[in-house]
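> Quick note on the UniProt record's numbering: the sequence shown kicks off at 1 and runs consecutively.
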Amino acid sequence: MLPVIALVGRPNVGKSTLFNRLTRSRDALVADFPGLTRDRQYGQGKVGGRPYIVIDTGGISGDEEGIDAEMARQSLQAIEEADLVLFIVDARAGLTAADEMIAKYLRENDKKAYLVVNKTDGLDADAWSAEFYALGMSNEPYKIAAVHNRGVTAMITELLEKL
Ligand code: GDP
Ligand code: MG
1 MLPVIALVGR
11 PNVGKSTLFN
21 RLTRSRDALV
31 ADFPGLTRDR
41 QYGQGKVGGR
51 PYIVIDTGGI
61 SGDEEGIDAE
71 MARQSLQAIE
81 EADLVLFIVD
91 ARAGLTAADE
101 MIAKYLREND
111 KKAYLVVNKT
121 DGLDADAWSA
131 EFYALGMSNE
141 PYKIAAVHNR
151 GVTAMITELL
161 EKL
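(1) From what residue to what residue does the alpha helix (DSSP H) around V152 run?
(2) Sort D110, K112, K143 by Cα distance to G122 and report the nearest one.
(3) Between the Cα of N118 and the Cα atoms of V152, L106, I102, K162, which residue gives the shortest distance?
(4) Tell me the rounded alpha-carbon separation between L95 and V116.
(5) Helix, strand or coil for A113 per DSSP?
(6) How would you label L163, buried or exposed, when you count the other beta carbons within 10 angstroms and need 16 or more for buried?
(7) Do you know whose CA, among S75, L22, Y52, G48, lies nearest G58's CA?
(8) Taking the beta strand (DSSP E) that A6 falls in, what are its first and last residues?
(9) Tell me where the beta strand (DSSP E) around L86 begins and ends.
(10) Considering only DSSP beta bridges, list what Y133 is partnered with.
(11) If you draw a straight line from the C-alpha of T120 to the C-alpha of M1, how long is it?
(12) Determine the direct distance from the alpha carbon of G48 to that of I79, and round the result to whole angstroms.
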């Protein structure tokens, strides 16, 4: 069985952009508005000769109704299916209530989850790092810029070694 990596986080943090990087595909829809990926989407990738499965999700926004509720349900399903969860937050937007809710869920459900701070391009690390520690995730956050493919290979290589 290949290791399964789920990408979770609120809408618009860059999950689909990261999915495309990790699978070297353009399959996931990337958009400037949240919520485009409503269903779980599966892809396969490989780093250093090690293959893995990635699941992209629509995202969890916190107060779901209608289609948002379905997106959140799909995200929770992906978390259940995963060996490893990448919890993505947005360095530009900063910490949000939805981020806190997702962190709480991951902690309470004892999932193997790692915090990933995306969109760090052009930002001073001091400007964003402190507030995300409040999420109480156990790892030193991975700092990436998915759109520039920065930090992605190093992150996934290290994570696969932990499995
Ligand atoms: P999702 O809703 O979490 O799947 O987010 P998307 O992957 O659709 O990305 C939402 C927006 O953020 C798009 O406009 C992306 O181009 C942009 N984005 C994604 N990654 C980065 C990044 O590393 N840096 C910057 N500046 N923008 C990014
Ligand atoms: Mg998406």
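Note that beta-carbon positions come from the ideal geometry of N, C-alpha and C, so glycine has one too. None of these values were measured; they are calculated from a predicted model.
Here's the rundown:
(1) Numbered from 1 along the sequence shown, position 152 holds the residue referred to as residue 152. Per DSSP, the continuous alpha helix (DSSP H) segment holding V152 begins and ends at 152 to 162.
(2) For the purposes of this step, residue 122 is taken as residue 122 along the sequence shown, with counting starting at 1. Out of D110, K112, K143, K143 has the C-alpha closest to the C-alpha of G122.
(3) Position 118 of the sequence shown, counted from the first residue, corresponds to residue 118. Taking the Cα of N118 as reference, the smallest distance to any Cα among V152, L106, I102, K162 is reached at V152.
(4) The residue given as residue 95 occupies position 95 in the sequence shown. The residue given as residue 116 occupies position 116 in the sequence shown. Going from the Cα of L95 to the Cα of V116 covers about 12 Å.
(5) Locating residue 113 in the sequence shown gives position 113, counting from the first residue. Of the three classes helix, strand and coil, the one that applies to A113 here is strand, per DSSP.
(6) Numbered from 1 along the sequence shown, position 163 holds the residue referred to as residue 163. Looking at its Cβ environment, which holds fewer than 16 other Cβ atoms inside 10 Å, L163 is exposed.
(7) For the purposes of this step, residue 58 is taken as residue 58 along the sequence shown, with counting starting at 1. Out of S75, L22, Y52, G48, S75 has the C-alpha closest to the C-alpha of G58.
(8) For the purposes of this step, residue 6 is taken as residue 6 along the sequence shown, with counting starting at 1. First-last of the beta strand (DSSP E) with A6: 4 to 8.
(9) Walking along the sequence shown from the start, residue 86 turns up at place 86. Boundaries of the beta strand (DSSP E) harbouring L86: 84 to 90, taken from the DSSP string.
(10) Translated into positions along the sequence shown, residue 133 becomes position 133. According to DSSP, which records beta bridges pairwise, Y133 is partnered with nothing at all.
(11) Here residue 120 corresponds to residue number 120 of the sequence shown, with the count starting at 1. Here residue 1 corresponds to residue number 1 of the sequence shown, with the count starting at 1. Going by the C-alpha atoms only, they are around 33 Å apart.
(12) One-based indexing of the sequence shown puts residue 79 at position 79. One-based indexing of the sequence shown puts residue 48 at position 48. Answer to the nearest angstrom: the Cα atoms are 25 Å apart.
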